[in-house]
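> Input: one structure, supplied below.
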Amino acid sequence: MATLLLDTSTDFGVVAVVKKGAIVFCKELDSSPFHSNALMPAVDEALRTANLKASELHSIVVGKGPGSYTGIRVGVACAKVLSYACQIPLIGVCSLELFVPNDSEPPGAFASLIDARSGGIFFLEGTKNEDGTIVTSEAKLLPVNIVRERVLSIKRLFTPSGEHLQERLDLRKDQSISWTRCGPNIQQMKRIGETKLAQKAYTTNGRLEILYLRKTQPELKKGPSSLN
Numbered sequence: 028m029a030t031l032l033l034d035t036s037t038d039f040g041v042v043a044v045v046k047k048g049a050i051v052f053c054k055e056l057d058s059s060p061f062h063s064n065a066l067m068p069a070v071d072e073a074l075r076t077a078n079l080k081a082s083e084l085h086s087i088v089v090g091k092g093p094g095s096y097t098g099i100r101v102g103v104a105c106a107k108v109l110s111y112a113c114q115i116p117l118i119g120v121c122s123l124e125l126f127v128p129n130d131s132e133p134p135g136a137f138a139s140l141i142d143a144r145s146g147g148i149f150f151l152e153g154t155k156n157e158d159g160t161i162v163t164s165e166a167k168l169l170p171v172n173i174v175r176e177r178v179l180s181i182k183r184l185f186t187p188s189g190e191h192l193q194e195r196l197d198l199r200k201d202q203s204i205s206w207t208r209c210g211p212n213i214q215q216m217k218r219i220g221e222t223k224l225a226q227k228a229y230t231t232n233g234r235l236e237i238l239y240l241r242k243t244q245p246e247l248k249k250g251p252s253s254l255n
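See below:
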C-alpha cells in the first residue's frame, strides 16, 4: 500500500509518501507563489524517493481547505489530475484537522486556527485523548471577537499563522495562552486518510469539493463583512 499526501492550503505546504504503513518521504514546500512552483517537483521527488510510479499509488490524500483560495486549488488540482489519470482513490481532508497536537504532545483540549484575513478566522476545537486519538469539531469561519472568547477559554492553539493572528486577536501579551506555529501533522493526515479509505469515502472521477467556508473575494466586495 502506498499513499501520496499533500496540502497547500496555507504557507506550510507539504508533500509526503506513506509506503507499507511508514512515512518514507516528507518535504515542506516553498510558499511563493502559493506553492505552485514547488509542488510538482516535490511530487516527482517523492515518488522517485519511494521508488514508485504514480500508477502504483493506492490512494491520494489532499487538504481541501479552508485556507488560501489559490493555495488550496494548487494542491487539489494536482491531486485530481493524478487521481483521474491513474484511477486512484482521491480523499479530501479538512485542512484545519491537520493543525493538531503531534504524537509527543500531551492530551487535552486545543483549538486549530487559520487566518482568513479580512474574512475572519477559520476555527476548529478538538481534544487529544489519553490514547492519542484526536477528536475534532466541525470547522467554522468565525468573527474575530468570537474566536478570541473561545481562545481565552481553551488556551492551547495550533496554527500555521504567525504574529499577525496574535495581533488580530489582541493576545500577543497574554502569557497564559500556548501558541504552536506548525505545519500539517502528517501522522494525523495519514490516519484520517486510512480511515476514509476503509470507509470508501473517496472518488476516482477527478471530483472533489473544496471546503472554502466563505464567499469569494468579488462576493465579499459586494457588501460589508461582519467577520472583521
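In the working numbering, the protein residues as written are 28 to 255.
Cβ atoms here follow ideal geometry from the backbone N, Cα and C, with glycine treated the same way.
Note that the coordinates shown come from a computational prediction; the quantities given were computed from them, not determined experimentally.
#1: Should ALA136 go down as buried or exposed, given a rule of 16 or more other Cβ atoms within 10 Å for buried?
#2: Can you tell which of GLY146, ALA65, ALA29 has its C-alpha closest to the C-alpha of LEU168?
#3: Taking contact to mean 3 or more Cβ pairs, one atom from each stretch, closer than 8 Å, check whether the stretch 117-124 and the stretch 90-103 are in contact.
#4: With distances taken between CB atoms, is the gap from LEU235 to LYS107 smaller than 8 Å?
#5: Residue ranges of each alpha helix (DSSP H) run of no fewer than 4 residues wholly in the stretch 188-224, ordered along the chain?
#6: Whether or not the stretch 102-116 and the stretch 142-162 are in contact is what I'm after, with contact meaning three or more pairs of Cβ atoms, one per stretch, closer than 8 Å; do they touch?
#7: Got a sec? Which residues, its chain only, sit under 7 Å from THR207 by beta carbon, not counting five neighbours each side?
#8: If you count every other CB in all the chains shown that lies within 10 Å of the CB of ASP34, and 16 or more means buried, which is it?
#9: Among ALA73, PRO170, PRO116, which has the Cα closest to the Cα of ALA228?
#10: Using 8 Å as the threshold, is the C-beta distance between PHE39 and ALA77 below it?
#11: Shortest alpha-carbon distance to ASP197 belongs to which of VAL171, ILE181, THR222?
#12: Bridge partners of PHE149, per DSSP?
#13: In the DSSP output, which residue or residues are listed as bridge partners for ASP34?
#14: Measure the C-alpha to C-alpha separation of ALA29 and LEU140 and round it to an integer number of angstroms.
#15: Taking just the CA atoms, how far does ALA138 sit from TYR239?
#16: Could you name the residues that DSSP lists as bridge partners for GLY119?
#17: Is it right to say THR37 is buried, meaning 16 or more other beta carbons lie within 10 angstroms of its own, or is it exposed?
#18: So the candidates are PRO187, THR163, ASP142, GLU165; which of them puts its Cα closest to the Cα of ARG175?
#19: So, helix, strand or coil for LYS47, using DSSP?
#20: Quick check: the Cα distance between GLU190 and PRO211, rounded to an integer number of angstroms?
#21: Once DSSP output is grouped into helix, strand and coil, what is the label at ILE173?
#22: At which residues does the alpha helix (DSSP H) containing VAL103 begin and terminate?
#23: Which class does LEU238 belong to by DSSP, given the choice of helix, strand or coil?
#24: State the DSSP-derived secondary structure class of MET28, mapped to helix, strand or coil.
Looking at the coordinates:
#1: Counting from one through the sequence shown, the residue named residue 136 turns up at place 109. By the neighbour-count rule (16 or more Cβ atoms within 10 Å), ALA136 is not buried but exposed.
#2: Taking the sequence shown and counting its residues from 1, one reaches residue 168 at position 141. Considering only alpha carbons, the answer is GLY146.
#3: Yes, since at least three Cβ pairs between the stretch 117-124 and the stretch 90-103 fall closer than 8 Å, the two stretches touch.
#4: Position 208 of the sequence shown, counting from 1, holds the residue named residue 235. Position 80 of the sequence shown, counting from 1, holds the residue named residue 107. It is a contact, given that the beta carbons lie within the stated cut-off.
#5: 190-195
#6: Short answer: they don't touch.
#7: As a first step, residue 207 must be located in the sequence shown, where it is residue number 180. Excluding positions up to five away in sequence, the list reads LEU184, PHE185.
#8: Along the sequence shown, read from residue 1 onward, the residue named residue 34 stands at position 7. With 16 or more other Cβ atoms within 10 Å, it is buried.
#9: Within the sequence shown, the letter at position 201 stands for residue 228. Residue PRO116 is the option with its Cα nearest to ALA228.
#10: Taking the first residue of the sequence shown as position 1, residue 39 is located at position 12. Taking the first residue of the sequence shown as position 1, residue 77 is located at position 50. Cβ atoms of PHE39 and ALA77: not closer than 8 Å.
#11: As a working note, residue 197 is residue 170 in the sequence shown. Residue VAL171 is the option with its Cα nearest to ASP197.
#12: Along the sequence shown, one-based indexing puts residue 149 at 122. Partner(s): ILE141, LEU168.
#13: Translated into positions along the sequence shown, residue 34 becomes position 7. DSSP lists VAL41 as the beta-bridge partner residues of ASP34.
#14: The sequence position of residue 29 within the sequence shown is 2, counting from 1. The sequence position of residue 140 within the sequence shown is 113, counting from 1. When rounded, the distance between both Cα atoms is 30 Å.
#15: For this step, residue 239 is matched to residue 212 along the sequence shown. For this step, residue 138 is matched to residue 111 along the sequence shown. Taking the straight line joining both Cα atoms gives about 19 Å.
#16: Stepping through the sequence shown from its first residue, residue 119 is reached at position 92. Paired residues: VAL89.
#17: Here the question's residue 37 lines up with position 10 in the sequence shown. With 16 or more other Cβ atoms inside 10 Å of its own Cβ, THR37 counts as buried.
#18: Taking the sequence shown and counting its residues from 1, the one referred to as residue 175 is at position 148. Here the closest residue by C-alpha is ASP142.
#19: Taking the sequence shown and counting its residues from 1, the one referred to as residue 47 is at position 20. LYS47 falls in the coil class under three-state DSSP.
#20: For the purposes of this step, residue 190 is taken as the residue at position 163 of the sequence shown. For the purposes of this step, residue 211 is taken as the residue at position 184 of the sequence shown. For GLU190 and PRO211, the distance between alpha carbons rounds to 18 Å.
#21: Translated into the one-based positions of the sequence shown, residue 173 becomes position 146. Of the three classes helix, strand and coil, the one that applies to ILE173 here is helix, per DSSP.
#22: One-based indexing of the sequence shown puts residue 103 at position 76. 96-113 is the extent of the alpha helix (DSSP H) around VAL103.
#23: Start at 1 with the first residue of the sequence shown, and residue 238 comes out as number 211. LEU238 falls in the coil class under three-state DSSP.
#24: Position 1 of the sequence shown, counted from the start, is the residue given in the question as residue 28. The three-state reading of DSSP puts MET28 in coil, since its state is none of H, G, I, E or B.
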